[in-house]
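Colleague: Right, I'll just put the structure down here and ask away after.
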Amino acid sequence: MAKRKKGRPAQPDVEPDATVVPGGSLPDASTSHDADADADAAYPTTPDPTPAIPPVDVADEPGPEPETPSVPDSAHAPDRAPTAPRAPVFGTGLDDGAEVDFTSSVARESGTSRVPVEGGAAWRRLLRMSRPRATRANLLGALLAVLLGAGIAAQVQLTNQRGLDELSQSDLVRLLDDVSVRSSRLDQQVRELEATRDRLKNGTGTAAEALDQAQKRVDTLGILAGTLAAKGPGITLRVTDPTKTVTGPIVLDIIEELRDAGAESIDVGGVRVVASSYVGDRGGQLVVDGVTVPRPLVIKVIGDSKTLSSAMTIPGGIVESVRQKGAEAVVTESSLIEITSVHRPVEMTHAKPVE
0 MAKRKKGRPA QPDVEPDATV VPGGSLPDAS TSHDADADAD AAYPTTPDPT PAIPPVDVAD
60 EPGPEPETPS VPDSAHAPDR APTAPRAPVF GTGLDDGAEV DFTSSVARES GTSRVPVEGG
120 AAWRRLLRMS RPRATRANLL GALLAVLLGA GIAAQVQLTN QRGLDELSQS DLVRLLDDVS
180 VRSSRLDQQV RELEATRDRL KNGTGTAAEA LDQAQKRVDT LGILAGTLAA KGPGITLRVT
240 DPTKTVTGPI VLDIIEELRD AGAESIDVGG VRVVASSYVG DRGGQLVVDG VTVPRPLVIK
300 VIGDSKTLSS AMTIPGGIVE SVRQKGAEAV VTESSLIEIT SVHRPVEMTH AKPVE
């Protein structure tokens, strides 16, 4: 190599055939030769007796091997979420098998890892989280809900059932006796009427007997029509209602129950009740056939006293219904009830008897 004068930096000699180390760059040939010529002209040198060192091909010298990144053992490597396959990228100039890093620069600088999540996997995970889990608390809550529903249904059913199943044995026996007595009385009336019919057909009875039968018939129809006073065994129902909660519909229910029990004559607060009677309310007062009845309400009934009393005091009957309204009802049996009130007959305008 030629020796340069002191004070001038030495220029490196580069052979045209020398190989440059990777990462370097070849100097411009024209620039290098021009610079050397100018330097030789300005500073003439003497030949160096040291023998020249032959050029060495740098590419043939073995360099340090690149470090291979260590792969952690699968047994000690931390668990990672499975990476979803990447979709091919079009229009990027990359090969089909190349992977593209979609991690943002912020994530790369902060050192955070990428967690790819697919839309389908996210929805499946959400569905799994929303499914009911068979935990102890859920099972206990479901059991309590079922028991509560069954209890409410049973209570409603027991409250609505007011039939013969709820009656005691003594009440059933008394009710059966009342029905038997009523049936016997009706059978006796049927036999008497049939006997009277037979005598009239055969002509065996006298005129006086026929007149007597006709009078009895008129009396019976007069009592039923309310045009005649009546007396006989029966009951008295007294209703004390300080809050006036017993209204017209409740009184109408009482009348219907008494008729079903075999009542032959009914008097409500001094007003005779017949087939055409009506009950209502007017200014907080009870009205029967247009007449205001006083309180406490007194109802007189003629009929079989035992049957009528049982119909009023039976569980779920009139007495219990009135007490639920806050009123008080008292039934008194009697061997003689007198009903002096009568109903004025109304002339029929349209109905005519069939001849």
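Take numbering that gives the first Met the number 0: the last position of the sequence shown gets the number 354, and nothing is skipped along the way.
For every residue, glycine included, the Cβ atom is placed at its ideal position computed from N, Cα and C.
Measuring alpha carbon to alpha carbon, tell me which of GLY325, ARG130, GLY119, THR134 ends up nearest THR242.
Modeller: It is GLY325.
Colleague: Answer with buried or exposed for LYS371, where buried requires no fewer than 16 other C-beta atoms within 10 angstroms of its C-beta.
Modeller: Lying outside 0 to 354, the shown extent of the chain, residue 371 is not represented and no answer is given.
Colleague: Using the Cα positions of GLU355 and GLY247, report the straight-line distance between them to the nearest angstrom.
Modeller: The question about residue 355 has no answer, for the chain in this structure spans 0 to 354.
Colleague: Alpha carbon to alpha carbon, how far is THR219 from LEU285?
Modeller: Going from the Cα of THR219 to the Cα of LEU285 covers about 29 Å.
Colleague: Do the CB positions of VAL297 and LEU236 come within less than 9 Å of each other?
Modeller: Yes, these two residues count as a Cβ contact at 9 Å.
Colleague: Is it buried or exposed for ILE151, if we count other Cβ within 10 angstroms and need 16 for buried?
Modeller: So ILE151 counts as exposed.
Colleague: On the DSSP letters alone, give me the boundaries of the beta strand (DSSP E) that ILE222 sits inside.
Modeller: ILE222 -> not in any beta strand (DSSP E); alpha helix (DSSP H) instead, spanning 206–224.
Colleague: In the structure shown, what three-state DSSP assignment does ALA229 receive?
Modeller: Residue state, collapsed to three classes: strand.
Colleague: Between the C-alpha atoms of ARG196 and SER320, what's the straight-line distance to the nearest angstrom?
Modeller: Taking the straight line from one Cα to the other gives about 44 Å.
Colleague: Look up THR134 in the DSSP assignment and say whether it is helix, strand or coil.
Modeller: Coil, per DSSP.
Colleague: How many Å lie between SER112 and LEU126 at the Cα?
Modeller: Because SER112 carries a pLDDT of 49, less than 50, the predicted location of this residue cannot be relied on, and no value is offered for it.
Colleague: Pull up the DSSP beta-bridge partners for VAL267, would you.
Modeller: The partner list for VAL267 (beta bridge, DSSP) reads VAL270, ILE298.
Colleague: Could you say which of THR312, SER182, ILE249 lies nearest to VAL287 if we only look at CA atoms?
Modeller: It is ILE249 whose Cα lies nearest to the Cα of VAL287.
Colleague: Alpha carbon to alpha carbon, how far is PRO344 from LEU210? Give it in angstroms, no decimals.
Modeller: Answer to the nearest angstrom: the Cα atoms are 24 Å apart.
Colleague: If SER309 sits next to ASP186, beta carbons under 8 Å apart, how far is it from one beta carbon to the other, in whole angstroms?
Modeller: In fact, because the Cβ distance is near 20 Å, the residues do not count as touching under 8 Å.
Colleague: Going by beta carbon distance, what residues of the same chain come within less than 7 Å of THR339, once the five residues before and after it are set aside?
Modeller: Contacts found: ALA228.
Colleague: If contacts are defined as beta-carbon pairs under 8 Å, then GLU263 and ILE222 qualify, I think. What distance do you get, rounded to the angstrom?
Modeller: With 8 Å as the limit, GLU263 and ILE222 qualify as a contact, their Cβ atoms being about 7 Å apart.
Colleague: May I ask you to report which of helix, strand or coil DSSP gives ARG343?
Modeller: DSSP places ARG343 in coil when its eight states are reduced to three.
Colleague: Considering Cα atoms alone, identify which of SER182, THR312, GLY302 is closest to LEU335.
Modeller: With distances taken between Cα atoms, LEU335 lies closest to GLY302.
Colleague: DSSP three-state call for VAL155: helix, strand or coil?
Modeller: Looking at VAL155 - three-state DSSP - the assignment turns out to be helix.
Colleague: What's the gap between the Cα of LEU251 and the Cα of GLN168?
Modeller: Whole-angstrom Cα-Cα distance: 30 Å.
Colleague: Among ASN201, THR226, ALA260, which one has its Cα closest to the Cα of GLU346?
Modeller: Per the Cα distances, THR226.
Colleague: Can you have a look at LEU257 and say buried or exposed, based on whether 16 or more other CB atoms are within 10 angstroms of its CB?
Modeller: Flag for LEU257 reads buried.
Colleague: With H, G and I counted as helix, E and B as strand and the rest as coil, what does DSSP make of ALA350?
Modeller: It is coil, neither helix nor strand.
Colleague: So VAL287 is in the beta strand (DSSP E); what residue range does that whole segment cover?
Modeller: Segment 284–287, the beta strand (DSSP E) holding VAL287.
Colleague: Quick check: ALA330 and VAL318, are their CB atoms within less than 9 Å of each other?
Modeller: At residue 330 the sequence reads Val, which differs from the Ala that was named. In contact: VAL330 and VAL318 (Cβ atoms closer than 9 Å).
Colleague: The alpha helix (DSSP H) that contains VAL292, what's its start and end?
Modeller: Counting along the chain, VAL292 falls outside any alpha helix (DSSP H), and DSSP gives it neither H nor E.
Colleague: Taking 6 Å as the limit between beta carbons, can you name the residues of its chain near ALA206, skipping five residues before and five after?
Modeller: There are no such residues.
Colleague: Pick helix, strand or coil for ASP252, following the three-state DSSP scheme.
Modeller: ASP252 falls in the helix class under three-state DSSP.
Colleague: Quick check on this structure: which residue in VAL145, ASN137, ARG130, LEU174 has the alpha carbon closest to the alpha carbon of PRO314?
Modeller: Cα-wise, what sits closest to PRO314 is LEU174.
Colleague: Between ARG107 and the rest of its own chain, which residues show a CB-CB distance below 6 Å, the 5 nearest in sequence each way excluded?
Modeller: Residue placement at ARG107 is flagged as unreliable, the pLDDT there being 49, under the threshold of 50; the coordinate-derived value follows with that caveat. Cβ within range, chain order: n/a, list empty.
Colleague: If the criterion is Cβ atoms closer than 9 Å, does the pair VAL292 and GLY261 meet it?
Modeller: No, the pair does not count as a contact, with Cβ atoms beyond the cut-off.
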